[in-house]
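Asker: Below: one structure in structure tokens.
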Amino acid sequence: SQQGEEDPQALSIQEGENATMNCSYKTSINNLQWYRQNSGRGLVHLILIRSNEREKHSGRLRVTLDTSKKSSSLLITASRAADTASYFCATDERETSGSRLTFGEGTQLTVNP
Amino acid sequence: DTEVTQTPKHLVMGMTNKKSLKCEQHMGHRAMYWYKQKAKKPPELMFVYSYEKLSINESVPSRFSPECPNSSLLNLHLHALQPEDSALYLCASSHRHGRTQETQYFGPGTRLLVL
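If you read the sequences in order, they're chains A and B. Numbered by our numbering, the letters in the first sequence go through residues 3 to 115 in order. Numbered by our numbering, the letters in the second sequence go through residues 154 to 268 in order.
Here it is in structure tokens:
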């Protein structure tokens, strides 16, 4: 199955700065989801954006989706040390509809206090 | 209750052992999933159960045997594993498994080491 690619693979910023992570995919999608994973723990769902939506907000999170470029970005504003984690995008690909989420390789975010 | 629980948290087993991983949710979800995750890699889907029936098996070796005794419980039986099977095993659930993939709720995982 195809996987999304995330960029950058690793990101290190200072507390208070904004963090932007990007995700690209290859096929048409029903929706795209972002998950967060603290080291060695389970994934936590952050936000879901449908293919007919272009932008979505949740607290300090802003997600954009450009279906023409097959890409999405996750912006975390005013970052905190507690935001340190791995962030994964996951796509619900239309061609494999009804089957599975396809996870990207992930971005490791480190927020330095 | 919006929690998925997994037991045990850690498991060390020899290649000849038989062990089981357990997963439980009480959110009324009718879809449950097993994922395998190696270090610094994304989760890889292993199995999907929908309404207690096996819906997807991603060509997983038979040494992994899933079981869904009821809508709240999901087990993964392990037998004759290999050292390369060492990984974090994640359970997840969602309202249903259908034409569109919904939000999945993950457990904390079981860290498995096969010696």
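Positions of the beta carbon are idealized from the N, C-alpha and C atoms, including for glycine.
Looking at chain A, is there any beta carbon in it that lies within less than 7 Å of the beta carbon of LEU198/B?
Answerer: The count along the second sequence starts at 1 and reaches residue 198/B at position 45. True, the Cβ-Cβ gap to chain A drops below 7 Å.
Asker: In chain order, what residues of the region 14 to 32 of chain A put their CB closer than 9 Å to some CB of chain D?
Answerer: Structure shown: chain D not included; protein chains present are A and B.
Asker: The beta strand (DSSP E) that contains VAL213/B, what's its start and end?
Answerer: As a working note, residue 213/B is residue 60 in the second sequence. Taken as a continuous stretch (DSSP letters only), VAL213/B belongs to no beta strand (DSSP E), as it is neither H nor E.
Asker: Mapping the DSSP letters down to three states, classify PRO222/B as helix, strand or coil.
Answerer: As a working mapping, residue 222/B is identified with position 69 in the second sequence. PRO222/B: strand per DSSP, three-state reduction.
Asker: What residue range does the beta strand (DSSP E) around LEU48/A cover?
Answerer: For the purposes of this step, residue 48/A is taken as the residue at position 46 of the first sequence. From DSSP, the beta strand (DSSP E) with LEU48/A extends over 45 to 52.
Asker: Hey, THR253/B and HIS47/A: beta-carbon distance below 7 Å or not?
Answerer: Numbered from 1 along the second sequence, position 100 holds the residue referred to as residue 253/B. Numbered from 1 along the first sequence, position 45 holds the residue referred to as residue 47/A. No, Cβ-Cβ distance for THR253/B and HIS47/A is not below 7 Å.
Asker: Kindly give me the distance between the Cβ atoms of LEU50/A and ASN33/A, rounded to whole angstroms, as I take these residues to be in contact under 8 Å.
Answerer: Translated into positions along the first sequence, residue 50/A becomes position 48. Translated into positions along the first sequence, residue 33/A becomes position 31. With 8 Å as the limit, LEU50/A and ASN33/A qualify as a contact, their Cβ atoms being about 6 Å apart.
Asker: Tell me which residue opens and which closes the beta strand (DSSP E) that LEU13/A is part of.
Answerer: Here residue 13/A refers to the residue found at position 11 when the first sequence is read from its first residue. Its beta strand (DSSP E) spans residues 12 to 16.
Asker: From the DSSP output, read off the bridge partner residues of HIS230/B.
Answerer: Residue numbering aside, residue 230/B sits at position 77 when the second sequence is read from its first letter. Beta-bridge pairing links HIS230/B to SER173/B and SER218/B.
Asker: Using a Cβ-Cβ cut-off of less than 9 Å, list which residues of the region 30 to 49 of chain A approach chain B; keep chain order.
Answerer: For the region 30 to 49 of chain A, which is checked against every Cβ of chain B, the residues closer than 9 Å are ASN32, ASN33, GLN35, TYR37, GLN39, GLY42, ARG43, GLY44, LEU45, VAL46 and HIS47.
Asker: Am I right that LEU231/B and MET166/B are in contact with their C-beta atoms under 8 Å? What's the rounded C-beta distance?
Answerer: Taking the first residue of the second sequence as position 1, residue 231/B is located at position 78. Taking the first residue of the second sequence as position 1, residue 166/B is located at position 13. Correct: roughly 7 Å between the Cβ atoms.
Asker: Could you please tell me which residues of the region 240 to 262 of chain B, in chain order, have their CB closer than 9 Å to any CB of chain A?
Answerer: Under the 9 Å Cβ criterion, the region 240 to 262 of chain B contributes LEU241, LEU243, CYS244, ALA245, HIS250, GLY251, ARG252, THR253, GLN254, GLU255, THR256, GLN257, TYR258, PHE259, GLY260, PRO261 and GLY262.
Asker: Within a Cβ cutoff of 8 Å, which residues of the same chain sit near ASN114/A, ignoring the five residues on either side of it in sequence?
Answerer: Taking the first residue of the first sequence as position 1, residue 114/A is located at position 112. Within the same chain, ASN114/A has close Cβ partners SER14, ILE15, GLN16, GLU17 and ALA83.
Asker: For the region 53 to 67 of chain A and the region 156 to 163 of chain B, state whether three or more C-beta atom pairs, one from each stretch, are separated by less than 8 Å.
Answerer: The answer is no - the region 156 to 163 of chain B does not touch the region 53 to 67 of chain A, with fewer than three Cβ pairs under 8 Å.
Asker: Taking 6 Å as the limit between beta carbons, can you name the residues of its chain near LYS175/B, skipping five residues before and five after?
Answerer: Locating residue 175/B in the second sequence gives position 22, where the first residue counts as 1. Contacts found: THR160 and ASN228.
Asker: What are the boundary residues of the beta strand (DSSP E) that ALA80/A is part of?
Answerer: Taking the first sequence and counting its residues from 1, one reaches residue 80/A at position 78. Run containing ALA80/A: none; DSSP gives neither H nor E here.
Asker: Confirm, please, whether the CB-CB distance from SER26/A to LYS72/A is below 7 Å.
Answerer: Translated into positions along the first sequence, residue 72/A becomes position 70. Translated into positions along the first sequence, residue 26/A becomes position 24. A contact, by the Cβ cut-off of 7 Å.
Asker: Rounded to whole angstroms, what is the Cα-Cα separation between GLU205/B and CYS221/B?
Answerer: Working through the second sequence from its first residue, we reach residue 205/B at position 52. Working through the second sequence from its first residue, we reach residue 221/B at position 68. Going by the C-alpha atoms only, they are around 6 Å apart.
Asker: For GLU55/A, does the three-state DSSP call read helix, strand or coil?
Answerer: Within the first sequence, numbered from 1, the residue matching residue 55/A stands at position 53. GLU55/A falls in the coil class under three-state DSSP.
Asker: LYS189/B and ALA240/B - do their beta-carbons sit closer together than 7 Å?
Answerer: Here residue 240/B corresponds to residue number 87 of the second sequence, with the count starting at 1. Here residue 189/B corresponds to residue number 36 of the second sequence, with the count starting at 1. Against a cut-off of 7 Å, the Cβ pair of LYS189/B and ALA240/B comes out as a contact.
Asker: So the beta strand (DSSP E) SER247/B belongs to, where does it begin and stop?
Answerer: Taking the first residue of the second sequence as 1, we reach residue 247/B at position 94. Here the beta strand (DSSP E) through SER247/B covers 240 to 247.
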